[in-house]
Every structure is written in structure tokens, then in C-alpha cells.
Amino acid sequence: MSVDENPKDGGPATVSALERGIAVLRCFTETRRVLTPTELARLTGVPRPTVTRLASTLVTLGLMKQDPQTEAFMLGPGVVSLARVFLAGLDVRAVARPMMEELAEATGGAVYLAVRDGLEMVLIEACRPRSTMLAPRLDVGSRVPMGTSALGRAWLWAQPPAAREAMIESLRLALGADAQADEAGLRRALAEANKLGYAMSAGEYLREIHSVAVPLVGPSGEVMALNCGTAGFVFTEQRLRETVAPQLLEMAGLLAAEIGGHVPPAH
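Reading the sequence shown from the start, the letters are residues 1 to 267 in the UniProt record's numbering.
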């Protein structure tokens with residue numbers, strides 16, 4: 001294990017082996033639950049022998065498991081324990097859930113609470129209405145992209161201008177050839193959020209889903225985002241603007257008051 005004693009941009013010293021180990025864990029998603037050493041090497045950019053050693057260490061720590069027949073890796077139970085500790089510390093979830101459930105039933109849409117993780121938003125609470133199967137079936141731990149989802153756009157809008165532009169530049173580099181079209185839609189959504197106080201995504205993340213989101217700033221300044229969405233033929237853009245967005249803003253305001261935070265106003 002090596003420590004970078006000369007970090008870039010004056011940042012703190014980093015442990016490169018730890019960074020690589022975390023990169024291995026981040027390879028796993030809802031659609032990539034089992035990965036071979038070769039796949040892990042491709043996704044991380046780390047040589048196969050090195051990534052195999054990292055994965056074996058994570059297996060020893062209980063954070064990953066390995067199939068003895070195929071030699072493929074998957075996440076282990078240790079990850080669940082860490083997630084429980086993290087989620088237990090998010091008191092906002094306990095306060096938010098009853099309000100989110102009420103909004104889900106009132107609108108017929110799925111209601112999500114998310115925080116940023118890298119260039120994505122990760123769900124920390126999820127409520128779906130009992131009366132419909134049309135709402136998107138994401139759950140706690142699901143990830144959505146920053147630039148095309150309503151959640152990500154709302155989070156970005158709440159950032160200081162310099163931080164927002166830095167994040168957009170990171171998205172541009174990560175997306176490559178797809179960046180131009182995605183950035184155009186993102187900037188339209190951010191301009192609209194300035195006027196209305198909420199961000200929309202009408203089929204830009206999931207083609208059949210329309211959703212609206214608002215940022216929520218916690219008592220310590222941490223930024224989260226609340227979202228309500230469902231099938232586009234149910235949540236037409238007109239209904240999103242006239243009915244769902246005002247309800248979501250009202251709920252976000254009530255939640256902010258309960259936790260000692262605030263909802264950024266339109267300007």
C-alpha cells in the first residue's frame with residue numbers, strides 16, 4: 001500500500017490502494033451484480049493481477065464474495081453492515097418517510113430522497129404508491145445519473161455557481177461524445193429551476209418517466225434532493241407543473257422546517 005504524499009491541487013494525502021479498493025466496490029450496480037476479474041479490470045482500469053489481489057482482500061474483509069466455480073466476485077454481507085450504519089445516521093429519513101408516503105399516495109408517483117455520490121445520485125429513501133404499478137421501481141441504494149435525472153438536476157441547481165460548473169465539467173469529461181446533448185438539456189433545466197424552484201426530467205433519464213425534483217438543504221448545509229415521478233402519460237408536463245411540483249415544494253418545505261434546514265428559493 002502506498003500513500004501519495006504529494007496530492008494534486010493541495011488536497012489531502014491519499015492511500016492509492018484504498019482508492020483502488022473502493023473503485024472495485026463501486027463497479028457493482030443493480031445491473032452488474034456479478035463480475036469476473038477481467039470485467040473488474042476493465043471497469044477500474046487497474047491491471048488484472050492487481051484487481052484480483054484487491055478483490056481477494058475485500059473477500060477476506062467480508063465486503064465481497066467469490067464464486068469458487070466461476071471465480072467471479074459479488075458484494076458481500078459486510079457492505080450491508082456498513083450501509084446500515086450510514087442509513088441509521090440519517091435522521092432525516094425517519095422524518096421524511098411519512099411525508100413521502102403521503103405524497104406518493106396523493107399523486108400516484110414514486111417519491112425519492114437522494115444524496116450525491118460522485119457523478120450520480122444515490123437513493124436513501126423510497127416510497128411508492130400502493131395503487132399503481134406505473135411508478136419507477138427504484139429502491140434505497142439505487143443510483144441515477146446527475147445530468148439527466150430530476151434528482152441530479154435539482155442537486156446541481158442548489159450548488160454555488162463555481163461548484164456547479166466544476167461538476168458539469170466533470171460530467172462533460174465522463175460522458176464524452178454524449179455530453180453535448182445531455183448538457184444542453186441540463187442547462188435548460190437549471191435555467192428553469194432558477195425561475196421556478198424545481199427541476200424536471202421529461203423522459204431524459206428514463207424515456208417513459210416524467211419527474212420533478214427539489215433540493216433540500218439540511219441543518220449542516222448538506223444538500224439532498226426530493227423527487228416525484230411516474231409514467232409520462234400520467235404525469236404530463238402540464239400536471240407536473242400545475243399539481244405535482246407545488247405539492248412537492250410544499251412537502252419539502254414542511255420537511256425542511258422539521259429538520260432545521262431549508263429549501264432554496266427560486267430567483
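The beta-carbon is built from N, C-alpha and C at its ideal position, and this holds for glycine as well.
> Buried or exposed: serine 170, going by 16 or more other Cβ atoms within 10 Å of its Cβ?
Replying inline: exposed
>> Three or more C-beta pairs under 8 Å: does that hold for the stretch 130-149 against the stretch 103-119?
In response: yes
> Measuring CA to CA, which of Leu248, Gly261 and His262 is closest to threonine 107?
Replying inline: Leu248
> Quick one, which of Ala126, Ser81, Thr70 and Gly78 has its alpha-carbon nearest arginine 97's?
Replying inline: Ala126
> Is glutamate 222 helix, strand or coil when you go by DSSP?
Replying inline: coil
>> Tell me the rounded alpha-carbon separation between glutamate 19 and glutamine 69.
In response: 28 Å
> Given a threshold of 16 other Cβ atoms within 10 Å of its Cβ, counted over all protein chains shown, does glycine 45 qualify as buried or as exposed?
Replying inline: exposed
>> In this structure, how does DSSP classify aspartate 67 when only helix, strand and coil are distinguished?
In response: coil
> According to DSSP, is methionine 251 helix, strand or coil?
Replying inline: helix
> Which ranges would you report for the beta strand (DSSP E) in the stretch 30-86 if only whole runs of at least 3 residues count?
Replying inline: 64-66 and 73-75
>> Here's the rule: buried if 16 or more other CB atoms are within 10 angstroms of the residue's CB, otherwise exposed. What is serine 16?
In response: exposed
> DSSP three-state call for aspartate 117: helix, strand or coil?
Replying inline: strand
> In whole angstroms, what is the alpha-carbon distance linking lysine 8 and isoleucine 168?
Replying inline: Note that lysine 8 scores 48 on pLDDT, short of 50, meaning its location in the model is unreliable and no value can be drawn from it.
>> Just to confirm my understanding: we take alanine 256, look at its own chain, exclude 5 residues before and 5 after, and list those with CB closer than 8 Å. What are they?
In response: Leu216, Val217, His262 and Val263
> Quick one: what does DSSP say leucine 206 is sitting in, helix, strand or coil?
Replying inline: coil
> Under a three-way DSSP split, which group does glutamate 5 fall into?
Replying inline: No answer about glutamate 5 holds up, because its pLDDT of 40 lies below 50 and its placement is not dependable.
> Between which two residues does the beta strand (DSSP E) carrying valine 144 extend?
Replying inline: 143-145
>> Just to check my reading of the structure: glycine 185 and glutamate 204 have Cβ atoms closer than 8 Å, yes? What is that Cβ distance to the nearest angstrom?
In response: 5 Å
> Among Val111, Met100, Met200 and Pro47, which one has its Cα closest to the Cα of leucine 138?
Replying inline: Val111
> Can you list, in chain order, the residues of its chain whose CB lies under 7 Å from that of arginine 164, leaving out five sequence neighbours each side?
Replying inline: Leu156
>> Let's see if you can read the secondary structure: which residues bound the alpha helix (DSSP H) around valine 92?
In response: 91-107
> Assuming valine 34 contacts alanine 41 under a Cβ cut-off of 8 Å, what Cβ separation, rounded to an integer in Å, is found between them?
Replying inline: Not quite, the Cβ-Cβ distance comes to about 15 Å (not below 8 Å), so this is no contact.
> Can you tell me the Cα-Cα spacing of glycine 253 and glycine 147, whole angstroms?
Replying inline: 24 Å
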